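Step one of this worksheet: look at the structure below.
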Amino acid sequence: MNEITTPEPTLSAAGPRTLAMLRELDTAMLTLPQTCISIDHLIHGGMYARTAHVPAETIVSGALLRRATVLVLQGDVSVFTGVDCVRLTGYHVLPGSAGRKQLFRTHADTHMTMVLLSTAQSVAEAEAEFTDEPELLMECVGRVTITGETP
């Protein structure tokens with residue numbers, strides 16, 4: 555069937571009140587010890603994939619995303635979806651709306667891969683495509699793979 559469906563959960567855009575609350579939480583979290591999270595990057599075929607390898611018992615607040623993406627999760631994590639908090643275990647592929655800001659708490663080591671369409675030729679270009687806040691992104695770089703292949 556080719557019906558339009560809304561999977562559960564979806565990662566929704568944050569409203570103004572929610573965004574303000576998340577910004578306050580970011581400020582408080584920055585006063586705590588920070589965990590370096592390894593980030594792998596792949597630029598290939600008109601797509602950018604960013605994989606965060608997040609240790610267990612870690613809280614991650616993401617940057618505000620201005621592009622729709624797909625988020626692939628593997629692990630055990632509680633996710634603030636923009637509306638509520640859900641616990642996801644195992645493997646999940648989630649649609650993410652533009653204008654969203656996520657909050658995650660891992661219960662076990664968790665791998666999160668965000669995928670989006672991209673014309674970028676570098677990690678910095680890709681980051682500038684999906685957020686106006688690249689300075690908030692984790693800089694603990696893992697692998698960087700740029701194939702040069704176009705769509």
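In our numbering, the protein residues as written are 555 to 705. Quick reminder that beta carbons are idealized off the backbone N, C-alpha and C, glycines included. These numbers were taken from a predicted model, which means no experiment stands behind them.
Alpha carbon of residue i to alpha carbon of residue j, nearest angstrom
| i | j | result |
| --- | --- | --- |
| I700 | G644 | 28 angstroms |
| T623 | H598 | 15 angstroms |
| D515 | V640 | No answer is possible for residue 515: the residues shown for the chain start at 555 and end at 705. |
| A674 | A617 | 19 angstroms |
| T660 | G636 | 17 angstroms |
| M685 | E557 | According to the sequence displayed, residue 685 carries Thr and not Met. Distance between the alpha carbons of T685 and E557 is about 31 angstroms. |
| G569 | S632 | 20 angstroms |
Classification of residue i by the beta-carbon crowding that lies within 10 angstroms, buried from 16 upward
| i | result |
| --- | --- |
| A678 | exposed |
| E703 | exposed |
| L596 | buried |
| E712 | The requested residue 712 does not occur in the structure, where the chain is confined to residues 555 to 705. |
| S672 | buried |
Contact check, residue i vs residue j, beta carbons under 8 angstroms
| i | j | result |
| --- | --- | --- |
| L670 | M601 | yes |
| R604 | T667 | yes |
| G653 | L625 | no |
Own chain, CB closer than 8 angstroms to residue i, minus 5 neighbours either side, in chain order
| i | result |
| --- | --- |
| I591 | A606, H607, V608, P609, T612, V614, M692, C694 |
| L579 | S615, L657 |
Own chain, CB closer than 6 angstroms to residue i, minus 5 neighbours either side, in chain order
| i | result |
| --- | --- |
| L576 | K655 |
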